[in-house]
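Engineer: I'd like to ask you about the structure that follows.
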Amino acid sequence: MPVVPIITLPDEKTLRQVSSPVASIDAGVRKLWDDMLDTMYRAPGIGLAAIQIGVPRRMLVIDLAKDGEEKKPLFVANPEVIWASEAQNDYEEGCLSIPEFYEMVTRPAEIRLRYLDRQGEAQEMHATGLMATCLQHEIDHLNGVLFIDHISRLKRERVIKKFQKAQKLGKL
Ligand code: NI
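In this text, residue positions in the sequence shown follow my numbering: the first is 558, and each later residue adds one.
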């Protein structure tokens with residue numbers, strides 16, 4: 558399966574797009590999921606949204622299996638958070654579109670999610686811990702939101718500038 562380039566900062570024009578719902582789960586959608594998964598494994602990362610490879614569709618892949626564990630890919634289309642806990646959780650987040658930058662982000666600790674699975678079936682899942690954080694991070698991507706939008710403006714502007722400078726210097 559092809560591994561495709563991941564779009565990174567400073568390309569906010571792409572990353573800030575709001576993705577459109579998937580109309581139906583067909584072979585093309587499954588192929589895109591497979592390419593996303595291979596790209597994510599290769600990076601390596603634990604989550605990837607379609608917009609991160611330049612495709613503005615509401616699709617994501619997640620696999621939280623650790624090194625050496627059996628792979629456990631989760632394929633999600635058209636996710637909707639239908640409930641979020643009042644309790645919050647802090648995680649140090651990173652993003653394949655913002656390489657080598659990590660910051661603590663506070664989000665609801667548990668969520669309930671409605672989505673379409675790989676067979677096109679409507680599913681609901683209750684997510685906690687890292688899965689809850691990862692899902693919220695990836696769903697943000699579908700709305701053009703990056704995890705740096707959840708940190709201080711000063712830190713956000715600093716990291717965006719760093720990537721703009723690296724691009725100018727031809728280091729990206
Ligand atoms: Ni990300």
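All C-beta atoms in this analysis are idealised placements derived from N, C-alpha and C, irrespective of residue type, glycine included.
Remember, predicted model here, so these are calculated numbers, not experimental data.
F658 lies in the beta strand (DSSP E); which residues open and close that run?
Structural biologist: Its beta strand (DSSP E) spans residues 655 to 665.
Engineer: I'd like the list of long-range same chain contacts for R710, defined as Cβ closer than 6 Å, with 5 residues on each side in sequence excluded.
Structural biologist: none
Engineer: Using C-beta distances below 6 Å, list every residue in its chain close to E695, excluding the 5 sequence neighbours before and after it, in chain order.
Structural biologist: G604, A606, L617
Engineer: Are the CB atoms of T571 and G611 within a distance shorter than 8 Å?
Structural biologist: Yes; because the gap between Cβ atoms is below 8 Å, this pair is in contact.
Engineer: Give me the residue from E650, A723, E660 with the minimum Cα distance to K712.
Structural biologist: Checking every option, the nearest Cα to that of K712 belongs to E660.
Engineer: Could you compute how far the alpha carbon of L621 sits from the alpha carbon of K728?
Structural biologist: Each residue's alpha carbon lies about 30 Å from the other.
Engineer: Quick check: what's the CA-CA separation for N700 versus Q574?
Structural biologist: If you take the alpha carbons of N700 and Q574, they lie about 7 Å apart.
Engineer: Tell me whether E681 sits in a helix, a strand or coil according to DSSP, three-state version.
Structural biologist: strand
Engineer: Mind checking which residues open and close the beta strand (DSSP E) that includes E650?
Structural biologist: 645 to 652
Engineer: Please specify which runs of the alpha helix (DSSP H), each continuous and at least 4 residues long, are wholly inside the region 580 to 617, giving them in chain order.
Structural biologist: Qualifying alpha helix (DSSP H) stretches, in chain order: 584 to 599.
Engineer: Please classify V633: does DSSP put it in a helix, a strand, or coil?
Structural biologist: strand
Engineer: Please confirm whether I563 and S654 have their CB atoms less than 8 Å apart.
Structural biologist: In contact: I563 and S654 (Cβ atoms closer than 8 Å).
Engineer: Going by the CB atoms, is the gap between Y672 and V702 shorter than 8 Å?
Structural biologist: Not a contact, by the Cβ cut-off of 8 Å.
Engineer: Are the beta-carbon atoms of Y648 and V638 separated by less than 8 Å?
Structural biologist: Annotated as distal: Y648 and V638, with beta-carbon spacing of 8 Å or more.
Engineer: Return the residue from the list P567, V561, V560, P559 that minimises the CA-CA distance to Q721.
Structural biologist: P567
Engineer: Would you mind giving the Cβ-Cβ distance between S576 and P613, rounded to the nearest angstrom? I have them listed as a contact below 8 Å.
Structural biologist: 4 Å
Engineer: Please tell me whether, using a cut-off of 7 Å, the distance from the CB of H707 to the nearest non-hydrogen atom of the ligand NI is below it.
Structural biologist: Not one heavy atom of the ligand NI sits closer than 7 Å to the Cβ of H707.
Engineer: Taking E681 and R669 to be in contact with their CB atoms under 8 Å, please state how far apart those CB atoms are, rounded to whole angstroms.
Structural biologist: Distance from E681 to R669 at the Cβ level is roughly 7 Å; contact confirmed, criterion being Cβ atoms closer than 8 Å.
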